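S.K.:
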Amino acid sequence: DTGVSQNPRHKITKRGQNVTFRCDPISEHNRLYWYRQTLGQGPEFLTYFQNEAQLEKSRLLSDRFSAERPKGSFSTLEIQRTEQGDSAMYLCASSLTRDTEAFFGQGTRLTVV
Amino acid sequence: TQLLEQSPQFLSIQEGENLTVYCNSSSVFSSLQWYRQEPGEGPVLLVTVVTGGEVKKLKRLTFQFGDARKDSSLHITAAQPGDTGLYLCADRPRDDKIIFGKGTRLHILP
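Going line by line, the protein sequences match chains A and B.
According to my numbering, the first sequence is numbered sequentially starting from 24.
According to my numbering, the second sequence is numbered sequentially starting from 652.
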């Protein structure tokens with residue numbers, strides 16, 4: 024197991040297009056988190072899952088954003104009708120339980136042109 | 652909503668110097684964490700502290716948690732170029748999301 028894996032690493036898309044990112048957590052990790060990070064800022068919480076259940080969504084997550092974690096394994100984050108303001112690094116993290124160390128992936132850098 | 656303020660925002664110092672960065676919370680920390688993030692990578696956990704007044708050391712890094720559990724400092728002795736990165740403080744509640752500060756961007760000049 025090599026850690027949390029995110030794909031793609033980079034994505035350039037035109038405004039108005041839909042994009043989907045994938046996160047593969049560490050095996051058997053029950054918690055999975057999505058964060059967004061813009062240049063010069065700390066990671067901002069988007070949403071998190073306990074197994075397949077989505078426990079919380081940030082107000083930052085507009086109706087253009089949707090996340091899933093089918094079968095409690097990998098997760099996808101989809102952004103519909105992308106806007107330039109969506110340009111950011113999207114980070115995924117997983118933890119074995121609700122209070123153990125969270126491990127972050129390398130992120131997916133999205134650029135909307 | 653808990654707010655974490657970190658200072659300074661940026662710090663550039665010469666190799667071999669000492670430095671301290673700070674983190675202040677608008678409310679009591681559940682479990683304070685410090686992360687380091689290098690360009691193009693995700694944050695990596697350095698330390699977790701839970702007890703007010705607690706001091707933890709990690710090689711040349713010393714982490715101090717305030718008695719009231721609302722503030723923390725990270726001191727680096729004899730900084731090296733490999734210490735360059737974004738230092739993030741965070742709150743890790745037991746059954747909730749991790750909340751991050753905006754970070755201190757540290758650059759060590761060789």
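Note that the Cβ used here is the ideal one computed from N, Cα and C, for glycine as well.
All values derive from a computational prediction rather than experimental measurement.
Answer with yes or no whether the minimum CB distance from B:P694 to chain A is below 8 Å.
M.R.: Cβ-Cβ to chain A under 8 Å: yes for B:P694.
S.K.: So does the stretch 668 to 685 of chain B actually touch the stretch 62 to 78 of chain A, counting three or more Cβ pairs closer than 8 Å?
M.R.: Contact between the stretch 668 to 685 of chain B and the stretch 62 to 78 of chain A is absent, because fewer than three Cβ pairs lie under 8 Å.
S.K.: Given a cut-off of 8 Å, decide if A:T131 and A:G39 are closer than it, judged by their beta-carbon atoms.
M.R.: No, the Cβ-Cβ distance between A:G39 and A:T131 is not below 8 Å.
S.K.: For A:F88, I'd like the list of residues in its chain whose CB is within less than 6 Å of its CB, leaving aside the five on either flank, ordered along the chain.
M.R.: Hits under 6 Å: I102.
S.K.: Return the residues of the stretch 75 to 100 of chain A that lie within a Cβ-Cβ distance of less than 7 Å from chain B, sorted by chain order.
M.R.: So the list reads E79, given in the order they occur along the chain.
S.K.: Mind checking A:I35: buried by the 16 CB within 10 Å criterion, or exposed?
M.R.: When all chains shown are included, A:I35 counts as exposed.
S.K.: Rounded to whole angstroms, what is the Cα-Cα separation between B:T713 and B:A730?
M.R.: Using only the alpha carbons, I get a separation of about 12 Å.
S.K.: Could you list which residues in chain A have their beta carbon closer than 7 Å to that of B:K707, in chain order?
M.R.: Going along chain A, no residue has its Cβ under 7 Å from B:K707, so there is no contact; the nearest lies around 15 Å.
S.K.: Measure the alpha-carbon distance for B:E656 versus B:S676 and round it to whole angstroms.
M.R.: Computed Cα separation, rounded: 6 Å.
S.K.: To the nearest angstrom, report how far apart A:G26 and A:E75 are at their CA atoms.
M.R.: Computed Cα separation, rounded: 19 Å.
S.K.: Three-state secondary structure (DSSP) at A:G65?
M.R.: It is coil, neither helix nor strand.
S.K.: Determine the chain A residues that contact B:T662 at a beta-carbon separation under 8 Å, and present them in chain order.
M.R.: The question names Thr, yet the displayed sequence has Leu at residue 662 of chain B. By Cβ distance, chain A contributes nothing, its closest Cβ being about 14 Å from B:L662, past 8 Å.
S.K.: In chain A, what lies closer than 8 Å to B:K710 by C-beta?
M.R.: Within chain A, no residue comes near B:K710; the closest Cβ sits about 19 Å away, beyond 8 Å.
S.K.: Roughly how many angstroms separate the alpha carbons of B:L725 and B:I759, rounded to a whole number?
M.R.: Cα to Cα, the separation comes out at about 15 Å.
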